[in-house]
Amino acid sequence: MHLEKDQKTLGRPPEKHPLEGFYVAVCGSIEDLLEPKVFFTQKAENFVKEVLHIEPRHLGLKLEAFVVSGLNENTIITHQCPLNKLVSDCRTIIQEELKSIVLEKNIKKAVQMNYVNYECNIVEHCSVALVGWPLPGPVCNPSKVGGRAEVQKLLNALQRDPHHTESCHWVVLTDEELKRKVMGQEHKSNTTINTDTEDSDDTSSSDDTSTGDE
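Taking our numbering, the leading residue of the sequence shown gets 769, the next gets one more, and so forth.
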């Protein structure tokens, strides 16, 4: 490879066909003594700095380290984001989208997401709902949904376009939708109360019977 010739070509592209780009050449093994050779046009350099967040000279060093370490194109490199970062990202998206949708309803007061009293404080009070929840159970704090797989699934759903069939996003409820949702929630609450009462009655009966036998 004629590095100097290529460098001059990139440095002075034809006026009618301007080129932007960069090249990086490094040694192929630890025995080679060739220093990394890099060249960037101005826009390519700005791209590496501002988009990739890497100093241009560091790009050559990173490539050299990758090559001489024995890694190759068949190696799968995985980078897992910390679980607490995934949870934080979920919370941020939920809060920011909630803030946006309440503004659409001309609610001037800041609304903070409330996971514990979600149905009462958010759904009933603001007439909005988080639909497309991708995990079993009701809407809850992302830190309570399970492990990494569950949090990642939630984050993926939150990041999808609202028109996607597996998207999790906020919607404004009509009066009828809100009424049905409130009635459904009350039915669940009454069912839970009745079940608890029946269990309590069964326990009391059992205790009375047991006392009588003794």
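We put the beta carbon where it would ideally sit given N, CA and C, even for glycine.
When the Cα atoms are used, what is the spatial distance from residue i to residue j?
{"i": "Lys-873", "j": "Pro-902", "result": "26 Å"}
{"i": "Val-950", "j": "Pro-910", "result": "23 Å"}
{"i": "Leu-926", "j": "Asn-852", "result": "16 Å"}
{"i": "Arg-928", "j": "Glu-803", "result": "44 Å"}
{"i": "Gly-828", "j": "Gln-848", "result": "24 Å"}
{"i": "Val-836", "j": "Gly-796", "result": "6 Å"}
{"i": "Leu-946", "j": "Glu-818", "result": "46 Å"}
Between the Cα of residue i and the Cα atoms of the options, which residue gives the shortest distance?
{"i": "Lys-830", "options": "Gly-915, Val-794, Trp-938, Cys-908", "result": "Val-794"}
{"i": "Pro-824", "options": "Leu-854, Leu-802, Phe-790", "result": "Phe-790"}
{"i": "Lys-805", "options": "Asp-857, Val-816, Val-792", "result": "Val-792"}
{"i": "Val-940", "options": "Ile-869, Ala-833, Pro-786", "result": "Ile-869"}
{"i": "Cys-894", "options": "Lys-867, Leu-854, Gln-848, Leu-820", "result": "Lys-867"}
{"i": "Glu-892", "options": "His-932, Lys-912, Arg-948, Pro-850", "result": "Arg-948"}
{"i": "Cys-908", "options": "Glu-887, Thr-809, Arg-928", "result": "Glu-887"}
{"i": "Val-896", "options": "His-932, Pro-850, Asp-943, Phe-815", "result": "Asp-943"}
{"i": "Val-913", "options": "Ser-856, Ser-935, Ile-875, Ile-890", "result": "Ser-856"}
Anyone know if the C-beta pair for residue i and residue j falls short of 8 Å?
{"i": "His-937", "j": "Gly-900", "result": "yes"}
{"i": "Cys-858", "j": "Leu-898", "result": "no"}
{"i": "Leu-854", "j": "Gln-920", "result": "yes"}
{"i": "Thr-809", "j": "Glu-832", "result": "no"}
At a cut of 8 Å, does the region 852-868 reach the region 879-887 through at least three beta carbon pairs? yes
Residue ranges of each alpha helix (DSSP H) within the region 911-953, 4 or longer: 916-927
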